[in-house]
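**Student:**
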Amino acid sequence: MKIKPIYFILPLALVSMLVGVYAGWLRLGWDFPILIEQATALHGALMVGSFLGTLIAVERVAVLKNKWAWLVPLVFASSLPLLLHLSAQAGYFALAAGSIGYLWVSIYNYQKYRFTGDILLVIGAIFQALGHLALALTYSYAMAFAGWMAFFVFTIVGERLNLTRFLPVKKNDRWELFGWLGLFVISLLLFHTGYGIVLSLSMVGIGQWLIRNDIARHNLTKTGNYRFLGITLLSGYSWLLFTGLIASLSSRSPWLYDAVLHAFFVGFVLTMIMAHAPIIFPSLLGLNVKPYHSVLYVWVGLLQASIVLRVIGDLSQNLSLRQWGGLINGVAFLGYWVTVALLIMTNKTKALPKRTVNSTKITNQSLS
């Protein structure tokens with residue numbers, strides 16, 4: 023019996039998530055046992071690279087009929103033991119190598135499917151590689167954040183843009199989106215020059231465009247998983263818009279810096295992950311199951327409330343509120359994953375007759 027690569031790559035990604043969340047709690051000042059001392063300083067790399075980088079690479083590679091392509095998420099996942107047990111630099115370079123491989127996968131997918139959104143995925147992959155290379159060469163998270171943020175913006179917008187081809191989106195609306203994305207790229211060039219207002223404006227523009235034009239709003243009139251998907255996606259878009267608003271505040275305070283980063287990475291990015299997980303994971307694992315239950319709203323709602331608490335703590339410079347907000351961030355996200363796993367296991371599952379996971383299949387599932 024051949025063991026599929028996904029069955030040992032995904033566990034590494036999930037362990038990265040656990041270690042990353044725990045490290046985040048330690049960074050907030052919670053007096054928990056320090057299990058792995060160096061993990062505290064690696065919170066960002068673990069969450070963005072070892073966890074999300076691996077997860078997104080798995081989704082992309084699963085559509086390819088190329089066993090060698092699985093080396094890409096494997097290299098991403100290998101960053102976990104390298105970061106924790108060898109050296110931070112080795113782990114950073116593993117993430118950089120994985121992101122270069124991911125760029126190849128993105129280009130290959132574009133050449134195969136030729137969707138407009140896939141062009142944005144390629145651009146996002148370029149920024150991801152630049153972000154990880156910046157971290158590996160400078161050891162500075164501040165130098166990596168611009169690339170990381172661009173990776174998630176272009177990846178998420180690219181995915182959603184592919185879905186809007188099923189909607190009567192006006193040509194002018196598409197050009198509006200491209201204009202906001204172009205402004206976003208310009209803002210990244212000004213990331214460290216004090217012109218944060220450009221970044222703020224572009225995020226607000228992209229966020230409001232997604233709220234107005236994404237298919238998620240059509241799901242609000244439906245029930246069950248479809249409505250859950252719509253509400254969760256729109257929550258994520260709202261956090262992108264809100265990130266732009268608070269980023270416009272004139273302050274160099276580390277408190278505001280923390281608020282902006284976590285409104286984006288937790289509010290926007292992790293909410294988007296929560297929206298898609300019940301759809302993507304069964305498909306990747308070859309299971310004919312829909313792991314939805316209304317209890318998922320509890321975890322999504324708790325995450326949203328905890329980000330609000332954290333941001334209020336940051337803006338008011340209240341350490342206790344920030345700590346509790348951060349703690350509940352992690353509890354909500356971990357609780358969500360445990361619930362999805364239990365729903366998958368408790369449903370009557372059966373393997374799909376043939377592993378036919380492809381981007382069109384996943385896209386259609388996300389659409390409905």
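With our numbering, letter number 298 in the sequence shown gets 320, and the count goes up by one each step, no holes. Cβ atoms here follow ideal geometry from the backbone N, Cα and C, with glycine treated the same way.
Does G180 pass the burial test, meaning 16 or more other C-beta atoms within 10 Å, or should it be called exposed?
**Tutor:** Buried.
**Student:** Would you identify the three-state DSSP class for L57, choosing helix, strand or coil?
**Tutor:** Correct three-state label for L57: coil.
**Student:** Between which residues of its own chain and F173 is the CB-CB distance below 6 Å, once the five residues before and five after are set aside?
**Tutor:** Within the same chain, F173 has close Cβ partners G146, F149 and Q150.
**Student:** Do you know how far the Cα of S257 is from the Cα of W359?
**Tutor:** Each residue's Cα considered, the two are about 18 Å apart.
**Student:** Quick one: give me the first and last residue of the alpha helix (DSSP H) that G71 is part of.
**Tutor:** Counting along the chain, G71 falls outside any alpha helix (DSSP H), and DSSP gives it neither H nor E.
**Student:** Is L210 helix, strand or coil by DSSP?
**Tutor:** L210 falls in the helix class under three-state DSSP.
**Student:** Only counting the same chain, and skipping five residues up and downstream in sequence, which positions put a Cβ closer than 6 Å to that of L255?
**Tutor:** A238 and A297, listed in sequence order.
**Student:** Taking all protein chains shown into account, decide if E81 is buried (16 or more other Cβ within 10 angstroms of its Cβ) or exposed.
**Tutor:** Counting Cβ neighbours within 10 Å, E81 comes out buried, since at least 16 surround it.
**Student:** Taking a contact to mean a Cβ-Cβ separation below 9 Å, would you say V330 touches H284 in this structure?
**Tutor:** The answer is no: Cβ separation not under 9 Å.
**Student:** Less than 9 Å separating the beta-carbons of F290 and Y259?
**Tutor:** Yes. Within cutoff.
**Student:** Where does A35 land, buried or exposed, given buried means 16+ other C-beta within 10 angstroms?
**Tutor:** By the neighbour-count rule (16 or more Cβ atoms within 10 Å), A35 is buried.
**Student:** If you draw a straight line from the C-alpha of T19 to the C-alpha of Q345, how long is it?
**Tutor:** This structure gives no information on residue 19, because the portion of the chain shown stretches from 23 to 390.
**Student:** I'd like to know whether the C-beta atoms of W202 and W170 end up nearer to each other than 9 Å.
**Tutor:** No, the Cβ-Cβ distance between W202 and W170 is not below 9 Å.
**Student:** Rounding to the nearest angstrom, what Cα-Cα distance links L309 and I366 in this structure?
**Tutor:** One C-alpha to the other measures close to 9 Å.
**Student:** In angstroms, rounded to a whole number, what distance separates the CA positions of G120 and L337?
**Tutor:** When rounded, the distance between both Cα atoms is 36 Å.
**Student:** How about A67 and L117: do their beta carbons lie closer than 9 Å?
**Tutor:** For A67 and L117, yes; Cβs fall inside 9 Å.
**Student:** Within 10 angstroms of its Cβ, does T382 collect 16 or more other Cβ (buried), or is it exposed?
**Tutor:** Low confidence applies here, because T382 scores a pLDDT of 44, under 50, leaving its location unreliable and the question unanswered by this model.
**Student:** DSSP three-state label for H154, please.
**Tutor:** In this structure, H154 counts as helix in the three-state DSSP scheme.
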